[in-house]
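Comments concern the structure below.
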Amino acid sequence: MLRGENGAGKSTLLRMIAGLSEPSSGSILLFGRKTRDARASIGYMAHAPLLYDELSGMENLRFFARLYGINSDTPLQDAMRNVGLDPGLARRVGQYSQGMRQRLSLARAIFHSPKLLLLDEPFSNVDPDSASQIATLLVQRRSADNTILLVTHQLGLLSEMADEFLVLSAGELSARTPARQASA
Amino acid sequence: MKTSLLQLIAANLAKDLRLEWRSRDVFNSMLFFALLVVVIFSFAFEPTAEESRRLAGGLFWVAFLFSTIVALNQSWARELRNGVLDAYRVSPSAAEGLLLGKVLSNFIFVALLECLMVPLFVLFYNLTAAGPLWQLAVILFLGTWALVVNGTFFAALSIRTRNRELMLPLLLLPVSIPAVTSMVSATTAVLTGESSPATHIKLLVAYCVVFTAAGFAMFDMVLNAE
Numbered sequence: 111m112l113r114g115e116n117g118a119g120k121s122t123l124l125r126m127i128a129g130l131s132e133p134s135s136g137s138i139l140l141f142g143r144k145t146r147d148a149r150a151s152i153g154y155m156a157h158a159p160l161l162y163d164e165l166s167g168m169e170n171l172r173f174f175a176r177l178y179g180i181n182s183d184t185p186l187q188d189a190m191r192n193v194g195l196d197p198g199l200a201r202r203v204g205q206y207s208q209g210m211r212q213r214l215s216l217a218r219a220i221f222h223s224p225k226l227l228l229l230d231e232p233f234s235n236v237d238p239d240s241a242s243q244i245a246t247l248l249v250q251r252r253s254a255d256n257t258i259l260l261v262t263h264q265l266g267l268l269s270e271m272a273d274e275f276l277v278l279s280a281g282e283l284s285a286r287t288p289a290r291q292a293s294a
Numbered sequence: 153m154k155t156s157l158l159q160l161i162a163a164n165l166a167k168d169l170r171l172e173w174r175s176r177d178v179f180n181s182m183l184f185f186a187l188l189v190v191v192i193f194s195f196a197f198e199p200t201a202e203e204s205r206r207l208a209g210g211l212f213w214v215a216f217l218f219s220t221i222v223a224l225n226q227s228w229a230r231e232l233r234n235g236v237l238d239a240y241r242v243s244p245s246a247a248e249g250l251l252l253g254k255v256l257s258n259f260i261f262v263a264l265l266e267c268l269m270v271p272l273f274v275l276f277y278n279l280t281a282a283g284p285l286w287q288l289a290v291i292l293f294l295g296t297w298a299l300v301v302n303g304t305f306f307a308a309l310s311i312r313t314r315n316r317e318l319m320l321p322l323l324l325l326p327v328s329i330p331a332v333t334s335m336v337s338a339t340t341a342v343l344t345g346e347s348s349p350a351t352h353i354k355l356l357v358a359y360c361v362v363f364t365a366a367g368f369a370m371f372d373m374v375l376n377a378e
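Chains C and F, in that order, give the protein sequences. For the first sequence, this note's numbering gives the first residue as 111, with consecutive numbering after it. For the second sequence, this note's numbering gives the first residue as 153, with consecutive numbering after it.
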């Protein structure tokens, strides 16, 4: 779990790991490869939903699935159900509530079963029931040997599943605490 | 599983056509601009058939050049809304699929506009072609491709600048001068029948090949530049 004050560099760090920004110094390796070569293994959820307003939820997922070479609807429908959305919903994303967009955005990040999931405030604008449903989903994904790097201010939801708490301050890692120590 | 370039182009093209069908952002703004040019210039002078043939080539391409610029800005703006372009950049798909899908969709939009506007040009400017019409069709195809392929590339280059509406014409127009000169000269040559458009058509072909290849080679760098 990644924490820090506003402007500490949490989102920037996620963008760098996702390969969207270049670090000013040093380099990032994911699973022993450069970020660019490991893109198929990354799921990224940002502040913005990264979805087309004029398309429905399934149409959005179908388009992004093609970019990953996925031609079947099954993993897309599963991803939508897992975040509590109905795959048959014909409504366009522009007409979704903020919470629904947030959940669809998470579905977009997980449909290809990435080994590394980068989540920037996944619980913002989500009602408590949906938030706990998403938290359960993330716990399942973590149990399946996936890595999740999560930025959130709502620590209560996932603090028990975290392995480590990282605290960023002015772009620097100011603390790194194993979960057991943090809860003690 | 890796997606082939053709599948990527098809996915991007289908997505762009669907988005445009639902929003009509691009087509409506292009149509409005092209109609304005046709109507305003028809009020400005009352040409004889001979005068029309000499002027129409220029007027025609002015209308389509600026309409295309409007369309290109719109077509990339929808990729920035909600940060969708970042989702593309995080994916393992080839950047060229996005470029070629967008070039094809923009080409279809501009070609549709031309299909609507050509009869209006004929009507408003009392036009008849002295040369063969098939040559006009070839010039239209090559001219549209030249504008769109270059424009799509430069629109992507300017998309993340603060004044992108201003930046695109500043970047695109100087580079398009050889193509625009060839389009206008070739169109005028066919309409008046006074000279052969062959040299201009050859120039247009060369321009299209060079800029399609250059755009294809450099687009990955443009897309991932921060």
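Even glycine gets a Cβ: it sits at the ideal position worked out from N, Cα and C.
> Comparing alpha-carbon positions, which option in PRO133/C, GLY204/C, THR122/C lies nearest LEU228/C?
Replying inline: THR122/C
> Between ASN387/F and GLY235/F, which are expected to be in contact by the criterion C-beta below 8 Å, what is the C-beta distance as a whole number of angstroms?
Replying inline: A question about residue 387/F goes unanswered here, because the residues of chain F that appear run from 153 up to 378.
> TYR240/F to ALA196/F, Cα distance in whole Å?
Replying inline: 47 Å
>> Cβ closer than 7 Å: which chain C residues qualify as neighbours of PRO244/F?
In response: ARG149, ALA150, TYR178
> Does DSSP classify ASP196/C as helix, strand or coil?
Replying inline: coil
> Three or more C-beta pairs closer than 8 Å, one from the segment 134-146 of chain C and one from the segment 193-213 of chain C: is that the case here?
Replying inline: no
>> Just to confirm the assignment, what range does the beta strand (DSSP E) spanning GLY153/C have?
In response: 152-155
> What residues from the segment 213-241 of chain F come within 8 Å of chain C, judged by C-beta to C-beta, listed N to C?
Replying inline: ARG230, ARG233, ASN234, GLY235, VAL236, ASP238, ALA239, TYR240, ARG241
> Where does GLU203/F fall in DSSP's three states?
Replying inline: helix
> Exposed or buried, ALA247/F, counting other C-beta atoms within 10 Å across all chains shown (16 or more means buried)?
Replying inline: buried
> Whose CA, out of GLU172/F, LEU265/F, ALA208/F, VAL361/F, lies closest to the CA of LEU183/F?
Replying inline: LEU265/F
> So, is the C-beta of TYR206/C closer than 8 Å to a C-beta in chain F?
Replying inline: no
>> Quick check on the DSSP output: what are the complete alpha helix (DSSP H) runs of length 4 or more inside the segment 294-376 of chain F, in order along the chain?
In response: 316-344, 350-375
> Taking the continuous beta strand (DSSP E) assigned at ARG286/C, which residues delimit it?
Replying inline: 282-288
> Can you name the start and end residues of the alpha helix (DSSP H) that ASP168/F belongs to?
Replying inline: 157-175
> Looking at the C-beta of LEU171/F, does it have a partner C-beta in chain C at a distance below 8 Å?
Replying inline: yes
> Closest Cβ-Cβ distance between SER134/C and chain F: below 8 Å?
Replying inline: no
> Would the segment 152-167 of chain C and the segment 171-182 of chain F be scored as touching if the rule is three or more Cβ pairs under 8 Å?
Replying inline: yes
>> Checking the sheet assignment: what are the DSSP bridge partners for THR257/C?
In response: LEU226/C
>> Is there a Cβ of chain A sitting closer than 8 Å to that of PHE173/C, yes or no?
In response: Included in the structure are the protein chains C and F, with no chain A among them.
>> I need the straight-line Cα distance from VAL236/C to GLN208/C, nearest angstrom please.
In response: 7 Å
> Can you tell me whether ILE180/C is buried or exposed, with buried defined as 16 or more other CB within 10 angstroms of its CB?
Replying inline: buried
>> Within 8 Å of any Cβ in chain F, is that where the Cβ of GLU270/C sits?
In response: no
> Quick one, which residues of the segment 112-136 of chain C are near chain F if we go by CB-CB under 7 Å, in chain order?
Replying inline: ALA128, GLY129, LEU130, SER131, GLU132
> What residues of chain C sit near GLY378/F, judged by a beta carbon separation below 7 Å?
Replying inline: At residue 378/F the sequence reads Glu, which differs from the Gly that was named. The answer, in chain order, is SER131, GLU132.
> Who are the Cβ neighbours of LYS154/F in its own chain at under 8 Å, not counting the five residues just before and after it?
Replying inline: PRO244
> Going by Cα to Cα distance, which pick from ALA308/F, SER348/F, MET335/F is closest to ALA377/F?
Replying inline: ALA308/F
> From this set, SER156/F, ALA338/F, ALA358/F, TRP297/F, which residue's C-alpha is nearest ALA350/F's C-alpha?
Replying inline: ALA338/F
>> Which residue wins for smallest C-alpha separation from TYR154/C, given the options GLY129/C, SER166/C, PHE141/C, ARG176/C?
In response: GLY129/C
> Quick one: what's got a C-beta closer than 6 Å to LEU247/C's C-beta in the same chain, skipping five residues either side?
Replying inline: ASN192
>> Below 8 Å, how does it come out for the segment 292-305 of chain F and the segment 322-331 of chain F: are there three or more Cβ pairs, yes or no?
In response: yes
> Among the residues of its own chain, which have a CB less than 7 Å from the CB of TRP228/F, if the five just before and after it don't count?
Replying inline: ALA307, ALA308, ILE311
>> Against LEU165/C, what residues of chain F qualify as contacts under a CB-to-CB distance less than 9 Å, listed in chain order?
In response: LYS167, ARG170, LEU171, ARG174
>> For ILE127/C and ALA175/C, what's the separation of their Cα atoms in angstroms?
In response: 21 Å
>> Using the Cβ count rule (16 or more neighbours within 10 Å means buried), how would you classify MET373/F?
In response: exposed
> What residues from chain C crowd round LYS154/F, counting only those whose CB sits closer than 8 Å?
Replying inline: GLY179
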